[in-house]
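Peer 1:
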Amino acid sequence: MIAPDSFQLSDIDGSSSAIDEVVPADREDQVREAAQSCPEQAIMITED
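Take the sequence shown: its letter number 9 is residue 9 in full-length UniProt numbering, and every next letter is one higher.
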């Protein structure tokens, strides 16, 4: 899994969810990579 510090994986159905609503600056690149690599295109990044 890309960005394991930012997403948690469900043992029930294998889906993942964000751990933090606001991504710390030191993890931004990993989260962007995860969004680009997501086969379901389920990760959306929004910026203020």
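Backbone N, C-alpha and C fix where the C-beta goes; we use that ideal spot for every residue, glycine too. No experiment lies behind these values; they were computed from the predicted model shown.
#1: Relative to the C-alpha of residue 104, which residue among 2, 26 and 48 is closest?
#2: Between the Cα of residue 40 and the Cα atoms of 4, 6 and 14, which residue gives the shortest distance?
#3: When burial is assigned at 16 or more other CB atoms within 10 Å of the CB, is residue 6 buried or exposed?
#4: My output table needs one value for residue 18: the three-state DSSP class, helix, strand or coil.
#5: Roughly how many whole angstroms lie between the Cα atoms of residue 8 and residue 20?
Peer 2: Put simply:
#1: Residue 104 cannot be examined here, being either before or after the span of the chain that is shown, 1 to 48.
#2: As a first step, residue 40 is located in the sequence shown; it is residue number 40 there, counting from the start. Measuring from the Cα of residue 40, the nearest candidate turns out to be 14.
#3: By 1-based counting over the sequence shown, the position of residue 6 is 6. The residue is buried, with at least 16 neighbouring Cβ atoms inside 10 Å.
#4: Counting from 1 along the sequence shown, the entry for residue 18 is found at position 18. Reduced to three states, the DSSP call for residue 18 is strand.
#5: Taking the first residue of the sequence shown as 1, we reach residue 8 at position 8. Taking the first residue of the sequence shown as 1, we reach residue 20 at position 20. Distance between the alpha carbons of residue 8 and residue 20 is about 10 Å.
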